[in-house]
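For the sequence shown, the residue numbers in full-length UniProt numbering are 1 to 71. Cβ atoms here follow ideal geometry from the backbone N, Cα and C, with glycine treated the same way.
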Amino acid sequence: MPRKKKTPVVTPAIDLPKEFLEKLIPGPMDAAGVEAVFQQLKKAVIERALGAELGLHLADAEGGSGNHRNG
1 MPRKKKTPVV
11 TPAIDLPKEF
21 LEKLIPGPMD
31 AAGVEAVFQQ
41 LKKAVIERAL
51 GAELGLHLAD
61 AEGGSGNHRN
71 G
């Protein structure tokens with residue numbers, strides 16, 4: 001059975017403001033500092049994505065007909 005061709009994931013180019021980068025990386029950092037900054041950034045991105053996903057699910061529940069057969 002032939003495999004389906006995977007469509008390549010296209011990520012948009014992000015132009016981060018210079019002020020944001022200066023706040024994120026105030027000066028020279030060692031490996032532990034880079035890892036700590038990356039962990040904080042990753043946590044913030046994941047929380048934002050999960051919050052948006054949860055908001056989408058809750059919006060679907062409000063607009064949908066719900067479980068009308070059992071209520």
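My output table needs one value for residue 44: the three-state DSSP class, helix, strand or coil.
Counting from 1 along the sequence shown, the entry for residue 44 is found at position 44. In the three-state reduction of the DSSP assignment, residue 44 falls in the helix class.
Distance, residue 17 Cα to residue 37 Cα
Reading the sequence shown from its first residue, position 37 is the one you call residue 37. Reading the sequence shown from its first residue, position 17 is the one you call residue 17. Residue 37 and residue 17: Cα-Cα distance of roughly 17 Å.
From the DSSP output, in three-state form, read off residue 51 for me.
By 1-based counting over the sequence shown, the position of residue 51 is 51. Residue 51: helix per DSSP, three-state reduction.
Residue 27 to residue 54, Cα distance in whole Å?
Here the question's residue 27 lines up with position 27 in the sequence shown. Here the question's residue 54 lines up with position 54 in the sequence shown. Whole-angstrom Cα-Cα distance: 36 Å.
Nearest-angstrom Cα separation, counted from residue 3 out to residue 29
Numbered from 1 along the sequence shown, position 29 holds the residue referred to as residue 29. Numbered from 1 along the sequence shown, position 3 holds the residue referred to as residue 3. Those two C-alpha atoms are separated by around 46 Å.
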